[in-house]
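> Chains as they are written, first to last, in our numbering: chain A, 2 to 268; chain B, 28 to 189; chain C, 17 to 816.
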Amino acid sequence: MKAPSFAYAKPGSPAEAFELARRPGAKLLAGGQSLIPALNMRLSQPELLVDISGLPFREISLEQGVLRIGALVTHSEIEKSEEIARHVPLLAEAVKHVAHPAIRNRGTIGGSIALADPAAEYPACMVALDASIAVAGPGGERLVKAQHFFKGLFEVDLAPGELVAAVEVPAQLKDQRSVFLELARRHGDYAIIGLAAYKGKSTRFVFCGAGPTPVLAKHASAARDLDTAVSLLEKDLEPSADLYHSAATKLHLAKVLLKRAWTTLST
Amino acid sequence: MDHALDITLTVNGTQVSRRVAPRQHLVDFLRDELGLTGSHVGCEHGVCGACTLRVDGEIVRGCLMLAVQANGCRVETIEGLSDSKELAPLQKAFHERNALQCGFCTPGMLMAAQDLVRQGNKVSRNQIRAHISGNYCRCTGYQAIVDAIEEVLRTEVIHGKG
Amino acid sequence: MGKAELPLHAPGTQLDRGYIGQSVPRPNLQRLLQGRGAFIDDLRFPRLAHVAFFRSPYAHARIKRLDFSKALKQPGIIGVFDGRAVAEYCTPWVAVLAHLKGIKSPPQHAIAIERACSQGEACAAVVAESRSQAEDAVGLIEAEWEELPVVVDMEEALQGKTLVHEDFDDNVCFRRELDTEGAAAAFERADVVVEDTFHFGRHTGVCLEGRAILADYNAGEHSLTVYHATQAPHMMQDIFSRHLNIPEANVRVITKDVGGSFGIKVHVYPDEMATAALSVMLRRPVKFVADRLESFLSDIHCREHRVRVRLACTKSGEILAFDLDDLTAIGPYSVYPRTSGIEGNQVVNLTGGPYRHREYRARLNVVFTNKNVTCQYRAVGHPIAVALTEGIVDLAAQKLGMDPAEFRRRNLIADDAYPYTFPSGIKFEKLSHHQCLEKLLAVMNYRELRAEQERLRNKNIYRGIGLAAMIEVTNPSPAFYGVGGARISAQDGATLRLEPTGMVTVMCSVTEQGQGTEAIFAQIAASAVGVSLEKIRVITGDTGVTPYGGGTWASRGAGIGGEAVLQAGRALRANILEVAAAILTLDRQELDVQRNQVINLLTGEVKLALAELGRVAYFRPDTLPLEFQSELTVTRHYTPRQYGFTFTNGIQASLVEVDADTGFVRLLGHWCVEDSGTVINPMLADEQLRGGIVQGIGAALYEECLYDPDGQLLNGNMADYLVPMAAEMPDIVCAHVETPTRQSQLGAKGVGEAGTAGAPAAVMNAINDALAPLGGARVTRMPFTPERILDGIARARSRA
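1. Assuming contact is defined by CB atoms lying nearer than 8 Å, are C/T655 and C/K765 in contact in what I supplied?
2. Between the segment 550-568 of chain C and chain A, which residues of the former have a C-beta closer than 7 Å to a C-beta of the latter?
3. Grab me the residues of C/I442's own chain with a C-beta within less than 6 Å of its C-beta, minus the 5 sequence neighbours each way, in chain order.
4. Can you tell me whether C/W569 is helix, strand or coil according to DSSP?
5. Please report the straight-line C-alpha distance between A/A10 and A/V51, rounded to a whole angstrom.
6. Can you give the Cα-Cα distance for A/K175 and A/G201, rounded to whole angstroms?
7. Give the straight-line distance between the Cα atoms of A/A211 and A/S14, rounded to the nearest whole angstrom.
8. Identify which residue in A/L130, A/A129, A/E78 has its Cα closest to the Cα of A/R105.
9. Kindly indicate which residue of C/K117, C/D98, C/Q50, C/P516 has the alpha-carbon position closest to the one of B/K112.
10. Checking the sheet assignment: what are the DSSP bridge partners for A/P171?
11. Start and end of the alpha helix (DSSP H) containing A/R253?
12. Mind checking if C/N427 is an interface residue toward chain A, Cβ cutoff 8 Å exclusive?
13. Might you give, ordered along the chain, the residues of its own chain that have their beta carbon closer than 8 Å to the beta carbon of C/G118, omitting 5 neighbours on each side?
14. Would you say A/I104 lies against chain B (beta-carbon separation less than 8 Å)?
15. Check whether chain D comes within 8 Å of B/M92, counting only Cβ atoms and requiring the distance to be less than that.
16. Got a sec: is the Cβ-Cβ distance from C/R147 to anything in chain A below 8 Å?
17. B/H30 versus chain A: which residues are under 8 Å apart at the beta carbon?
18. Exposed or buried, what is C/V522 when buried is set at 16 or more other beta-carbons lying within 10 Å of its beta-carbon?
19. Just to confirm, is the Cβ distance from C/V681 to C/F537 under 8 Å?
20. Quick one: list the residues of chain C neighbouring A/T250, beta-carbon separation under 9 Å, in chain order.
21. Given a cut-off of 8 Å on the beta-carbon distance, is the pair C/L240 and C/N261 in contact?
22. Could you tell me the distance, in whole angstroms, from the CA atom of C/H321 to the CA atom of C/A395?
23. Give me the subset of the segment 143-168 of chain B whose CB atoms are less than 7 Å from a CB atom of chain C, sorted by chain position.
24. Is C/N274 close to chain B, meaning its C-beta is less than 8 Å from at least one C-beta of that chain?
25. Between which two residues does the beta strand (DSSP E) containing C/A68 stretch?
26. Consider the Cβ of A/R107: report whether some Cβ of chain B lies at a distance smaller than 8 Å.
27. Count the other CB atoms, across all protein chains shown, that sit within 10 Å of the CB of C/F644; report buried if there are 16 or more and exposed otherwise.
28. Using DSSP's beta-bridge definition, name the partner residues of C/A143.
29. Go ahead and label C/A743 buried or exposed: buried means 16 or more other beta carbons lie within 10 angstroms of its beta carbon, across all protein chains shown.
30. B/Q170 touches chain C at which residues, Cβ-Cβ below 8 Å?
31. Measuring only between beta-carbons, confirm whether C/Y35 sits less than 8 Å from chain B.
32. By Cβ distance, which residues of its chain are closer than 6 Å to C/D83, with the 5 residues on each side in sequence left out?
33. Ends of the alpha helix (DSSP H) at C/C133?
34. Could you please tell me which residues of the segment 708-735 of chain C, in chain order, have their CB closer than 8 Å to any CB of chain A?
35. In terms of DSSP beta bridges, what is A/G138 paired with?
36. DSSP three-state label for C/T16, please.
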């Protein structure tokens with residue numbers, strides 16, 4: 002399957018990028034690990050690819066208890082980063098489930114966030130950690146809370162011409178715990194269902210693969226004991242069936258992950 | 028050619044300049060423009076790993092990278108790494124253990140395996156399996172490949188290359 | 017391990033197997049390791065054109081109108097052609113064989129003309145200067161369709177309310193019934209009757225290299241050279257010749273490196289025929305490589321069966337009879353030329369295979385649907401037959417409270433009971449079921465695994481052990497296809513030529529797709545002639561060069577091709593000694609060839625290097641006696657004749673752990689003991705078993721082509737169709753027993769498909785063994801996804 006014809010531009014500055022990205026039929030290209038397969042399969046027919054890999058969004062920096070991870074940081078860099086391992090262990094755990102080494106060398110956190118595949122790991126982690134997405138545009142940078150950023154199926158809070166510049170994640174403190182669990186048929190596959198769990202002053206169980214966006218299981222998260230949490234999960238989640246699993250099975254698997262995460266977070 | 032762009036990159040140590048269509052992915056560029064047919068096309072959706080090659084020292088899927096994105100990059104293919112003898116220990120182990128049958132997955136598999144060998148860590152069989160879990164082989168059932176990689180890692184560790 | 021007596025030297029001399037039985041690394045691997053192979057898509061030709069196909073989006077629709085006007089205007093377009101245009105160069109075919117009584121199929125064209133009968137059927141061809149440009153133009157073809165009713169469900173297809181083909185009265189492609197006289201009575205009088213229904217998911221080959229063909233027509237000679245990733249070049253030569261109307265000897269089919277085949281690339285594909293026709297039409301080379309999406313849609317699928325099975329036995333566990341009702345769904349056409357009736361036919365032939373019962377009843381219905389076509393894929397009907405047999409056997413053992421190994425031991429045909437005719441009519445020369453069973457139980461440490469299983473059950477960890485005994489068709493005689501009228505050769509030939517420098521070139525009609533055909537031929541040839549391995553060069557896959565033969569299929573390469581090589585090698589050795597005797601003026605009986613030299617047989621004294629013999633024979637025959645002519649090129653052919661099929665036997669075991677919460681299955685171990693006669697290269701044989709087992713695991717746990725009620729393939733890509741990858745696969749222990757066949761000097765049977773034949777049954781039985789404590793939960797619908805396993809557990813719980 003050969004991709005259809007398109008033009009290509011590589012802006013040298015954010016301003017140039019904003020302008021190019023606003024053009025009709027323009028699509029942003031970061032790592033390309035999701036976009037290029039779609040092009041090869043002719044599922045997408047853009048007029049112009051705007052390659053943002055030259056923009057200055059590659060830093061990982063810790064400032065005042067917040068870890069800012071540039072959008073162009075690759076999954077491999079996240080995997081190898083000591084800062085992320087220390088300050089955002091949830092992400093360090095989640096990245097192990099992302100595809101395979103050759104994909105991780107090119108795929109970026111910004112790309113994953115902007116695409117917001119319902120089965121993707123990072124969006125669920127962002128919501129679990131109450132992170133913010135730094136959106137850059139002609140007007141400057143704005144911060145959007147993760148749970149507001151993911152609006153619908155492959156739909157995020159990005160206006161034409163805007164792009165994800167970074168994510169800002171509160172650094173995990175000593176009394177906080179997190180765990181990432183995922184069920185997939187084969188190592189590196191998209192999750193059937195995944196759970197990013199955070200326990201601090203409050204608890205947040207956020208599922209991927211359970212809806213069009215990451216789903217914060219509000220009732221289960223507020224429960225005092227595991228049995229209650231599990232029974233309340235039915236109020237929180239309405240997963241759709243996929244090719245291989247019925248909706249009931251996905252809910253059942255979500256409960257299994259919930260039990261396992263709860264146990265881990267409590268020990 | 029619509030939208031064509033000029034690119035210059037280093038392939039197996041040699042600088043090449045070509046005019047390419049943006050839509051052409053890197054492995055098609057290498058195969059069709061440069062005649063380097065050792066990297067193979069298996070799926071063009073980044074899943075099978077047959078197109079795995081090295082760009083700026085890191086393994087990537089050649090089908091998920093556009094040739095234009097490789098402008099200014101250093102690309103290494105199976106032919107280059109064979110001629111430089113970097114892959115010789117793995118190739119010898121693969122040969123002796125029949126870690127290939129039809130050979131179609133082999134260039135990509137060797138690239139992935141070499142990536143692990145270069146990391147120089149002590150790894151278990153399960154970790155070897157996890158590292159190559161993005162490279163599809165239909166012929167071998169993977170065991171001989173794991174055996175070959177394990178043998179090279181063991182030898183590398185013995186010789187202090189870890 | 018039994019050793020085959022294989023005299024390779026002249027009578028009266030020391031017995032020596034040479035390289036036979038040695039795990040020699042394959043000589044032809046270096047180029048593949050360096051990415052310097054030559055797969056069809058690697059070849060470059062002047063004026064090479066590329067074809068892409070406009071494929072039906074509908075499972076069943078009349079093609080009312082095709083508009084190529086926009087497509088033709090695209091850059092790089094050479095031509096756009098519909099079915100009628102291609103039909104002027106390529107005649108249609110009907111895939112029936114005389115020995116499958118009553119089989120029927122409509123004619124199929126290279127490009128559909130009136131209607132498309134499955135999603136993905138090619139309805140137009142675009143030829144362009146590049147594949148990209150061809151695909152661009154495909155996207156601009158405008159079509160008007162009249163949607164027709166779609167038949168997807170096999171039970172509905174059998175009922176026949178909606179017909180796939182209006183010209184037929186029903187949707188039955190092939191039907192067969194078999195009933196031994198005492199079957200009904202056996203079921204009446206049995207103490208125990210168990211029954212179950214098994215479903216097998218339609219799946220496909222997913223060869224890493226897509227189907228590939230490059231046809232090069234030379235208008236000056238009316239000749240066609242086809243570079244084709246095919247397993248059977250001579251069969252294709254015949255087919256191109258007949259359907260494109262080019263004299264047979266003007267057609268040359270050459271196979272280069274093939275990136276996996278497993279049966280996928282032994283069939284005739286309409287898009288490949290179209291490619292060849294377009295080359296003739298356009299008088300230039302045309303290439304087609306199936307991309308991954310079209311592979312899923314159009315490579316043959318296989319093994320979609322629903323089978324009801326019953327087993328009757330005594331209360332002491334003696335099997336009396338099997339009874340099966342097999343319904344299988346193929347596509348809208350029987351596939352050419354081997355037909356889509358063979359897989360079901362094999363299920364009827366082989367079910368119950370390892371066991372001593374005498375009564376058997378079977379019914380088979382092969383029905384057309386509007387899903388993709390199906391045909392032979394590695395192990396053909398064996399995975400089904402073995403799973404049915406071994407699944408129902410385990411159920412009987414469970415009902416009697418008997419250990420599954422013991423139940424089998426009571427019923428396997430005795431190792432000294434041969435030759436033996438099985439109730440379905442198949443004949444066994446000599447098998448070793450008991451020897452293999454005992455070896456398996458020892459190698460896997462069965463008792464210890466059972467004890468460990470028990471211990472872990474008390475901790476709510478559910479492990480299962482599954483056994484699968486099996487028989488396997490190899491080295492078929494003309495009984496498979498030839499008797500039905502197919503121009504598919506069951507014989508093969510090998511030509512061996514001593515080169516002037518003392519090297520030996522081997523040209524054989526069996527082909528290589530990675531299994532190591534060329535390696536074992538080198539081993540056999542070197543051993544038979546008396547040269548060292550590095551002196552051998554093997555050429556396969558070229559109808560212009562090799563003898564005429566059948567190619568690779570039904571695990572026949574080693575047994576048939578190998579025998580031809582062996583006989584040719586021995587004959588060449590004899591001729592070499594004739595020449596040596598003439599050169600040395602010695603008695604031929606005193607000489608032998610060893611390690612590239614002619615030696616004195618008794619003293620071992622070196623008399624003459626082969627390189628020197630070659631020099632004299634080719635360049636200085638004036639120094640030899642007047643009437644003497646050297647014949648240093650020898651051809652021999654071989655056909656298995658005594659047995660319709662040379663059966664092998666084996667037994668596999670799987671150890672699994674099932675997570676009862678998630679339904680996930682972890683494969684902890686797999687064992688295989690196989691008796692494939694003389695083993696030429698143990699390493700290659702083991703690797704064939706391993707690769708085959710992993711394919712079988714794919715069928716058991718992962719692989720299924722999913723269709724919706726409109727006949728749309730839902731998961732035709734690498735992300736959604738799941739193939740086995742390294743992280744989930746177990747290490748596989750292989751062991752061998754050797755019972756050589758007496759039909760050949762080599763004594764080799766086949767081994768290429770055995771792994772795939774037995775693995776699904778072993779894994780299924782292991783899963784059900786693991787689930788047994790959970791209220792007798794049981795799964796019988798492959799692939800065993802977490803969904804199906806959780807469902808099985810839930811149903812058992814609700815029954816309790």
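Here a beta-carbon is modelled for each residue, glycine too, at the ideal position from N, C-alpha and C.
Quick caveat: nothing in here was measured; it's all calculated off a predicted structure.
The answer reads as follows:
1. In the third sequence, the residue the question calls residue 655 of chain C occupies position 639. In the third sequence, the residue the question calls residue 765 of chain C occupies position 749. No, Cβ-Cβ distance for C/T655 and C/K765 is not below 8 Å.
2. none
3. The residue labelled residue 442 of chain C in the question sits at position 426 within the third sequence. Excluding positions up to five away in sequence, the list reads N365.
4. For this step, residue 569 of chain C is matched to residue 553 along the third sequence. Here C/W569 sits in coil by DSSP.
5. In the first sequence, counting from the first residue as 1, residue 10 of chain A sits at position 9. In the first sequence, counting from the first residue as 1, residue 51 of chain A sits at position 50. If you take the alpha carbons of A/A10 and A/V51, they lie about 5 Å apart.
6. Residue 175 of chain A sits at position 174 when you count from the first residue of the first sequence. Residue 201 of chain A sits at position 200 when you count from the first residue of the first sequence. Whole-angstrom Cα-Cα distance: 9 Å.
7. Against the first sequence, residue 211 of chain A aligns to sequence position 210. Against the first sequence, residue 14 of chain A aligns to sequence position 13. Approximately 38 Å, taken between the alpha carbons.
8. The count along the first sequence starts at 1 and reaches residue 105 of chain A at position 104. That would be A/E78, whose Cα lies nearest to the Cα of A/R105.
9. Within the second sequence, residue 112 of chain B is the residue found at index 85, counting from 1. Per the C-alpha coordinates, the member of C/K117, C/D98, C/Q50, C/P516 positioned closest to B/K112 is C/Q50.
10. As a position in the first sequence, residue 171 of chain A is number 170, starting the count at 1. In the DSSP output, where bridge partners are listed per residue, A/P171 has A/V67.
11. Stepping through the first sequence from its first residue, residue 253 of chain A is reached at position 252. Rather than Arg, the amino acid found at residue 253 of chain A in this sequence is His. From DSSP, the alpha helix (DSSP H) with A/H253 extends over 248-267.
12. As a working note, residue 427 of chain C is residue 411 in the third sequence. Cβ-Cβ to chain A under 8 Å: no for C/N427.
13. Residue numbering aside, residue 118 of chain C sits at position 102 when the third sequence is read from its first letter. These residues qualify, in order along the chain: F190, R191.
14. For the purposes of this step, residue 104 of chain A is identified with residue 103 of the first sequence, where counting begins at 1. Interface residue (Cβ-Cβ distance to chain B less than 8 Å): A/I104 is classified as such.
15. Any reference to chain D falls outside this structure, whose protein chains are A, B and C.
16. Translated into positions along the third sequence, residue 147 of chain C becomes position 131. Yes - at least one Cβ of chain A is within 8 Å of the one on C/R147.
17. The count along the second sequence starts at 1 and reaches residue 30 of chain B at position 3. Residues of chain A whose Cβ lies closer than 8 Å to the Cβ of B/H30 are, in chain order, S6, F7, A8, Y9.
18. For this step, residue 522 of chain C is matched to residue 506 along the third sequence. The residue in question, C/V522, is buried, as its Cβ has 16 or more Cβ neighbours within 10 Å.
19. If you number the third sequence from 1, residue 681 of chain C lands on position 665. If you number the third sequence from 1, residue 537 of chain C lands on position 521. No, Cβ-Cβ distance for C/V681 and C/F537 is not below 8 Å.
20. Along the first sequence, one-based indexing puts residue 250 of chain A at 249. Within 9 Å Cβ-Cβ: G679, P802, E803, L806, D807.
21. Locating residue 240 of chain C in the third sequence gives position 224, counting from the first residue. Locating residue 261 of chain C in the third sequence gives position 245, counting from the first residue. If you check the CB distance, C/L240 and C/N261 do not come in under 8 Å.
22. The residue you call residue 321 of chain C lines up with position 305 of the third sequence. The residue you call residue 395 of chain C lines up with position 379 of the third sequence. So the alpha carbons of these two residues sit roughly 15 Å apart.
23. R156, A157, I159, S160, Y163, R165, C166, T167, G168
24. Within the third sequence, the letter at position 258 stands for residue 274 of chain C. A small correction: the amino acid at residue 274 of chain C is Val; Asn does not occupy that position in the sequence shown. True, the Cβ-Cβ gap to chain B drops below 8 Å.
25. Mapped onto the third sequence, residue 68 of chain C falls at position 52. Run containing C/A68: 65-71, per the beta strand (DSSP E) assignment.
26. Here residue 107 of chain A is taken as the residue at index 106 of the first sequence, counted from 1. It does: the Cβ of A/R107 has a partner Cβ on chain B nearer than 8 Å.
27. Along the third sequence, read from residue 1 onward, the residue named residue 644 of chain C stands at position 628. Answer is exposed; the Cβ neighbour count stays below 16.
28. The residue you call residue 143 of chain C lines up with position 127 of the third sequence. Sequence inspection shows Val at residue 143 of chain C; the Ala mentioned does not correspond to that position. Looking at the DSSP assignment, C/V143 forms a beta bridge with C/V67, C/G95.
29. For this step, residue 743 of chain C is matched to residue 727 along the third sequence. It counts as buried.
30. Stepping through the second sequence from its first residue, residue 170 of chain B is reached at position 143. Those within 8 Å of B/Q170 in chain C are R706, M745, D747, I748.
31. By one-based count along the third sequence, residue 35 of chain C stands at place 19. No, C/Y35 lies away from the interface with chain B (no Cβ there is under 8 Å from its Cβ).
32. The residue you call residue 83 of chain C lines up with position 67 of the third sequence. For C/D83, where only same-chain residues beyond five positions count, the Cβ hits under 6 Å are E158.
33. Locating residue 133 of chain C in the third sequence gives position 117, where the first residue counts as 1. Per DSSP, C/C133 belongs to no alpha helix (DSSP H) and is neither H nor E.
34. Y718, L722, L730, N731, N733, A735
35. Position 137 of the first sequence, counted from the start, is the residue given in the question as residue 138 of chain A. The partner list for A/G138 (beta bridge, DSSP) reads A/G141.
36. One cannot answer for residue 16 of chain C here, as it falls past the ends of chain C, which runs 17 to 816.
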